[in-house]
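Student:
Residue numbers (my numbering): 17 to 180.
See below:
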(Lines of atoms letter the chains of each structure in order from A and count residues from 1; the text may use other names and numbers.)
(Lines give C-alpha, C1' and ligand atoms only; values in the text may rest on other atoms or scores of the structure.)
Protein backbone atom coordinates (compact mmCIF):
# COMPACT_ATOMS: atom_id res chain seq x y z
CA UNK A 1 0.00 0.00 0.00
CA UNK A 2 1.10 3.34 -0.90
CA UNK A 3 1.40 6.12 1.65
CA UNK A 4 0.12 8.76 -0.65
CA UNK A 5 -3.00 6.96 -1.70
CA UNK A 6 -5.59 6.67 1.03
CA UNK A 7 -7.52 3.49 1.57
CA UNK A 8 -11.12 3.41 0.42
CA UNK A 9 -12.44 2.57 3.87
CA UNK A 10 -10.53 5.41 5.42
CA UNK A 11 -11.91 7.74 2.82
CA UNK A 12 -15.44 6.50 3.49
CA UNK A 13 -15.12 7.05 7.22
CA UNK A 14 -13.64 10.49 6.71
CA UNK A 15 -16.59 11.48 4.54
CA UNK A 16 -19.05 10.04 7.10
CA UNK A 17 -17.36 11.88 9.99
CA UNK A 18 -17.24 15.09 7.97
CA UNK A 19 -20.93 14.84 7.06
CA UNK A 20 -21.85 14.04 10.66
CA UNK A 21 -19.82 16.92 11.98
CA UNK A 22 -21.29 19.16 9.30
CA UNK A 23 -24.86 18.19 10.25
CA UNK A 24 -24.17 18.65 13.96
CA UNK A 25 -22.54 22.05 13.40
CA UNK A 26 -25.34 23.05 11.07
CA UNK A 27 -27.98 22.08 13.57
CA UNK A 28 -26.43 23.57 16.67
CA UNK A 29 -23.74 26.13 15.76
CA UNK A 30 -24.55 27.50 12.33
CA UNK A 31 -27.89 29.09 13.27
CA UNK A 32 -26.59 30.93 16.40
CA UNK A 33 -23.49 32.12 14.48
CA UNK A 34 -25.58 33.49 11.58
CA UNK A 35 -28.07 35.07 14.02
CA UNK A 36 -25.20 36.67 15.90
CA UNK A 37 -23.71 37.96 12.63
CA UNK A 38 -27.09 39.28 11.50
CA UNK A 39 -27.64 40.95 14.89
CA UNK A 40 -24.20 42.51 14.72
CA UNK A 41 -24.88 43.71 11.16
CA UNK A 42 -28.19 45.22 12.33
CA UNK A 43 -26.48 46.92 15.29
CA UNK A 44 -23.81 48.36 13.01
CA UNK A 45 -26.43 49.55 10.53
CA UNK A 46 -28.53 51.18 13.29
CA UNK A 47 -25.38 52.86 14.65
CA UNK A 48 -24.60 54.15 11.14
CA UNK A 49 -28.20 55.34 10.74
CA UNK A 50 -28.04 57.05 14.14
CA UNK A 51 -24.71 58.68 13.20
CA UNK A 52 -26.21 59.94 9.92
CA UNK A 53 -29.30 61.23 11.73
CA UNK A 54 -27.09 62.95 14.33
CA UNK A 55 -24.96 64.46 11.55
CA UNK A 56 -28.09 65.84 9.87
CA UNK A 57 -29.35 67.21 13.20
CA UNK A 58 -25.97 68.82 13.85
CA UNK A 59 -26.07 70.41 10.38
CA UNK A 60 -29.58 71.74 11.10
CA UNK A 61 -28.46 72.99 14.53
CA UNK A 62 -25.44 74.67 12.97
CA UNK A 63 -27.68 76.37 10.42
CA UNK A 64 -30.04 77.47 13.23
CA UNK A 65 -27.07 78.77 15.22
CA UNK A 66 -25.85 80.71 12.18
CA UNK A 67 -29.33 82.21 11.76
CA UNK A 68 -29.45 83.15 15.45
CA UNK A 69 -25.97 84.65 15.22
CA UNK A 70 -26.95 86.67 12.15
CA UNK A 71 -30.14 87.81 13.87
CA UNK A 72 -28.21 88.76 17.01
CA UNK A 73 -25.70 90.69 14.91
CA UNK A 74 -28.45 92.57 13.09
CA UNK A 75 -30.20 93.33 16.40
CA UNK A 76 -26.90 94.54 17.84
CA UNK A 77 -26.35 96.74 14.80
CA UNK A 78 -29.90 98.10 15.11
CA UNK A 79 -29.40 98.84 18.80
CA UNK A 80 -26.04 100.52 18.14
CA UNK A 81 -27.51 102.51 15.26
CA UNK A 82 -30.46 103.57 17.46
CA UNK A 83 -28.13 104.54 20.30
CA UNK A 84 -25.97 106.57 17.91
CA UNK A 85 -29.02 108.30 16.45
CA UNK A 86 -30.29 109.05 19.96
CA UNK A 87 -26.90 110.37 21.03
CA UNK A 88 -26.65 112.50 17.87
CA UNK A 89 -30.17 113.83 18.45
CA UNK A 90 -29.42 114.59 22.10
CA UNK A 91 -26.20 116.33 21.07
CA UNK A 92 -28.00 118.37 18.41
CA UNK A 93 -30.78 119.24 20.88
CA UNK A 94 -28.22 120.28 23.48
CA UNK A 95 -26.34 122.33 20.90
CA UNK A 96 -29.57 124.03 19.76
CA UNK A 97 -30.62 124.67 23.34
CA UNK A 98 -27.20 126.10 24.22
CA UNK A 99 -27.26 128.25 21.11
CA UNK A 100 -30.75 129.61 21.86
CA UNK A 101 -29.80 130.14 25.52
CA UNK A 102 -26.66 132.00 24.40
CA UNK A 103 -28.72 134.18 22.05
CA UNK A 104 -31.22 134.87 24.83
CA UNK A 105 -28.44 135.82 27.27
CA UNK A 106 -26.80 137.99 24.59
CA UNK A 107 -30.11 139.73 23.87
CA UNK A 108 -30.69 140.30 27.59
CA UNK A 109 -27.19 141.76 27.88
CA UNK A 110 -27.89 144.07 24.91
CA UNK A 111 -31.19 145.18 26.42
CA UNK A 112 -29.53 145.71 29.79
CA UNK A 113 -26.74 147.73 28.17
CA UNK A 114 -29.32 149.80 26.23
CA UNK A 115 -31.32 150.42 29.41
CA UNK A 116 -28.19 151.38 31.32
CA UNK A 117 -27.12 153.68 28.45
CA UNK A 118 -30.55 155.37 28.45
CA UNK A 119 -30.46 155.70 32.24
CA UNK A 120 -26.95 157.16 32.03
CA UNK A 121 -28.06 159.65 29.33
CA UNK A 122 -31.08 160.64 31.43
CA UNK A 123 -28.86 161.06 34.49
CA UNK A 124 -26.42 163.17 32.48
CA UNK A 125 -29.30 165.31 31.16
CA UNK A 126 -30.56 165.84 34.71
CA UNK A 127 -27.12 166.80 35.87
CA UNK A 128 -26.64 169.15 32.88
CA UNK A 129 -30.04 170.75 33.56
CA UNK A 130 -29.28 171.06 37.27
CA UNK A 131 -25.84 172.46 36.52
CA UNK A 132 -27.30 174.85 33.91
CA UNK A 133 -29.93 176.03 36.37
CA UNK A 134 -27.31 176.53 39.06
CA UNK A 135 -25.13 178.51 36.65
CA UNK A 136 -28.11 180.55 35.39
CA UNK A 137 -29.17 181.24 38.96
CA UNK A 138 -25.69 182.38 39.88
CA UNK A 139 -25.41 184.53 36.75
CA UNK A 140 -28.84 186.09 37.37
CA UNK A 141 -28.03 186.80 40.99
CA UNK A 142 -24.82 188.46 39.98
CA UNK A 143 -26.47 190.53 37.24
CA UNK A 144 -29.51 191.40 39.29
CA UNK A 145 -27.59 192.30 42.38
CA UNK A 146 -28.01 196.00 41.70
CA UNK A 147 -31.41 197.74 41.41
CA UNK A 148 -30.89 199.33 37.99
CA UNK A 149 -30.13 195.97 36.36
CA UNK A 150 -33.32 194.49 37.79
CA UNK A 151 -35.45 197.32 36.42
CA UNK A 152 -33.85 197.06 32.99
CA UNK A 153 -34.48 193.26 32.90
CA UNK A 154 -38.15 193.76 33.87
CA UNK A 155 -38.71 196.39 31.15
CA UNK A 156 -36.98 194.20 28.55
CA UNK A 157 -39.14 191.21 29.47
CA UNK A 158 -42.33 193.30 29.36
CA UNK A 159 -41.45 194.74 26.00
CA UNK A 160 -40.68 191.31 24.60
CA UNK A 161 -43.91 189.88 25.89
CA UNK A 162 -45.91 192.70 24.25
CA UNK A 163 -44.21 191.93 20.96
CA UNK A 164 -45.25 188.32 21.07
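By construction, the Cβ of each residue, glycine as well, lies at the ideal position given by its N, Cα and C atoms.
Reducing DSSP to helix, strand and coil, say where residue 162 ends up.
Tutor: Coil.
Student: Quick test of your reading: residue 159 and residue 152, contact by CB under 8 Å. State the CB separation rounded to the nearest angstrom.
Tutor: Between residue 152 and residue 159 the Cβ distance is about 10 Å, and since that is not below 8 Å, they are no contact.
Student: CB-CB under 6 Å to residue 91, same chain, minus the five flanking residues each way: which ones, in chain order?
Tutor: Answer for residue 91: no residue qualifies.
Student: Could you give the DSSP three-state label for residue 75: helix, strand or coil?
Tutor: Residue state, collapsed to three classes: helix.
Student: With residue 29 as the anchor, note down where its alpha helix (DSSP H) starts and where it stops.
Tutor: Residue 29 -> alpha helix (DSSP H) spans 24-41.
Student: Whole angstroms is fine: what's the gap from residue 67's alpha carbon to residue 74's?
Tutor: Each residue's alpha carbon lies about 10 Å from the other.
Student: What would DSSP say about residue 147, mapped onto helix, strand or coil?
Tutor: Of the three classes helix, strand and coil, the one that applies to residue 147 here is helix, per DSSP.
Student: What is the DSSP secondary structure of residue 21, reduced to helix, strand or coil?
Tutor: Looking at residue 21 - three-state DSSP - the assignment turns out to be coil, as it is neither helix nor strand.
Student: Please report the straight-line C-alpha distance between residue 98 and residue 107, rounded to a whole angstrom.
Tutor: Each residue's alpha carbon lies about 14 Å from the other.
Student: May I have the straight-line CA-CA distance separating residue 181 from residue 104, to the nearest angstrom?
Tutor: Residue 181 lies beyond the stretch modelled for the chain, which goes from 17 to 180, so this question has no answer here.
Student: Using only the alpha-carbon positions, how far apart do residue 117 and residue 126 sit?
Tutor: Whole-angstrom Cα-Cα distance: 14 Å.
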